[in-house]
Every structure is written in C-alpha cells, then in structure tokens.
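This note's numbering puts the last residue of the sequence shown at 190; the count rises by one with no breaks.
In this text, a Cβ means the ideal position worked out from N, Cα and C, and glycines have one as well.
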Amino acid sequence: MTTTTVTPYRAALTPLSDIVATVTDWAAPSPCEGWSALDVLDHILTTQRALLTERGLTLPPAADLAADPVAAWAAHAATVAGLLDDPAIAGIAYDGHFGPTTLGETVERFYVFDMLVHRWDLARAAGSDTSFTDAELDRIDESAQSFGPVLYMEGICRPAVPAASDADRQTRVLATLGRRA
10 MTTTTVTPYR AALTPLSDIV ATVTDWAAPS PCEGWSALDV LDHILTTQRA LLTERGLTLP
70 PAADLAADPV AAWAAHAATV AGLLDDPAIA GIAYDGHFGP TTLGETVERF YVFDMLVHRW
130 DLARAAGSDT SFTDAELDRI DESAQSFGPV LYMEGICRPA VPAASDADRQ TRVLATLGRR
190 A
C-alpha cells in the first residue's frame, strides 16, 4: 500500500486544488461550524504538516496562507506529493490512534478522506458545489465506517443528520458526516 500512497493523494489533490482556485471570499463561512473557507484550508494544510513533521520530516516553512491561499496551498501540496513519491517516506512506521501504522497508510486512510470531505466544504463556502465520483464516495464511506465512534469526537464530524429516503448517494454519505447537501 505504501508504494502507491501518492496516487490517491494526487487523485484527491487535483479536484481539491481546482476548488481552492475558485474561492474568492476566504472569510465566507463553511459548513464546518465556526470555520471560514480559510480556516478549512488552514486545517488541511496544518494537519498534513503536523503528520509529516511529527514523523521527523523536515518541511520548508509554510507560505503565508492568509496573504495568498491559492499559492500557499499549491506550494504545500507539491511538497507533500513530492515526499509521498518516496516509498521510504510513505513506509515510515509509527503508533497511530488505531495502532501500528505507516505514514502512507495514514495518508490513505484519513488525510485523503479529509481532503475529499473538505473539498465539498470549500465548494459550499465558495457558493458552489462539487460532485464526488463513485470511487470517492466509496473511499469516504469506507473511511467513515472504519473510524467508528471516533468519527463523531469533538473536532472531527458532527453527528449524522437525516437524509431523505430518496436522496442520492452523495447526499446520504455527507449526511453521515453531519453535512446537509
């Protein structure tokens, strides 16, 4: 799994970066309670940086996100994707929240999930929408189910909300994450 970590990361990165490029009001509220669009992007960037630096990797200083969110995100994303190209980095082992794991497995299991879900949050903050592919919905749904009750801990996802019985799959999956599509 670790030798291909960059593939799902890049697959999630491209549409997320496309949405980041469309945001014009970074102070706009997002579906994440109390967070602006800039807060969402900052969360993605800082949590990924923390994962990498806590595993002993040295990163260049983060660009000023508030000054130019699109450029800061592009620089960060290129750095992370470049690091994940190296199977030795993806294979760094450590004890994670769910037990022994590798950096690559954590990126695939959680951080790609985080990028996908927050892509929708950023699109909503920008006043638009984004559609997930079936494969993306599979990844979001499988990840959410694998987290169990941890998914609903403070700061992760709000409790599930109801979705209409005839709602499309994306609406149902987002509802399990406390989001109303």
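Where DSSP assigns a beta bridge to residue i, which residues make up the other side?
i, result
"serine 45", "Pro38"
For the beta strand (DSSP E) containing residue i, name the first residue and the last one.
i, result
"threonine 14", "Here threonine 14 belongs to no beta strand (DSSP E), and DSSP marks it neither H nor E."
Nearest CA to the CA of residue i: which residue from the options?
i, options, result
"arginine 64", "Leu47, Ala99 and Ala90", "Ala99"
"aspartate 177", "Val170, Ile165 and Ala190", "Ala190"
"valine 174", "Val116, Ala184 and Arg167", "With the sequence shown as reference, residue 174 is identified as serine, and valine is not the correct amino acid for it. Checked all of Val116, Ala184 and Arg167; the closest Cα to serine 174 is Ala184."
"tyrosine 103", "Pro24, Asp94 and Glu114", "Glu114"
"leucine 22", "Val121, Pro38 and Thr62", "Val121"
"valine 89", "Asp77, Gly105 and Thr67", "Thr67"
"isoleucine 28", "Asp73, Gly43 and Ala83", "Ala83"
"threonine 14", "Phe156, Trp44, Leu112 and Ser140", "Leu112"
"aspartate 51", "Pro109, Pro96, Asp130 and Thr110", "Asp130"
"aspartate 123", "Cys166, Thr139 and Pro96", "Cys166"
"arginine 58", "Ala132, Ala97, Ala87 and Asp138", "Ala87"
Check this for me: beta carbons of residue i and residue j, under 8 Å apart or not?
i, j, result
"valine 79", "alanine 30", "yes"
"alanine 169", "threonine 180", "no"
"isoleucine 151", "proline 17", "The amino acid occupying residue 151 in the given sequence is glutamate; isoleucine does not appear at that position. No, the Cβ-Cβ distance between glutamate 151 and proline 17 is not below 8 Å."
"arginine 148", "proline 24", "no"
"leucine 47", "alanine 71", "no"
"alanine 134", "serine 26", "no"
"leucine 160", "valine 182", "no"
"alanine 81", "aspartate 73", "yes"
"valine 126", "leucine 60", "no"
"threonine 139", "alanine 132", "yes"
Return helix, strand or coil for residue i, following the three-state DSSP convention.
i, result
"threonine 111", "strand"
"glycine 157", "helix"
"aspartate 104", "strand"
"proline 168", "coil"
"alanine 86", "helix"
"arginine 64", "coil"
"alanine 81", "helix"
"aspartate 192", "Lying before the first or after the last residue shown, residue 192 is absent from the chain, which here runs from 10 to 190."
"proline 24", "helix"
"serine 152", "helix"
The alpha helix (DSSP H) with residue i in it runs from where to where?
i, result
"valine 121", "121-134"
"valine 182", "178-185"
"tryptophan 97", "Just to set this straight, residue 97 is alanine in the shown sequence, not tryptophan. From DSSP, the alpha helix (DSSP H) with alanine 97 extends over 96-99."
Answer yes or no: the CB of residue i versus the heavy atoms of the ligand NAP, is any distance below 7 Å?
i, result
"alanine 132", "Ligands are entirely absent from the displayed structure, and the ligand NAP is therefore not among its contents."
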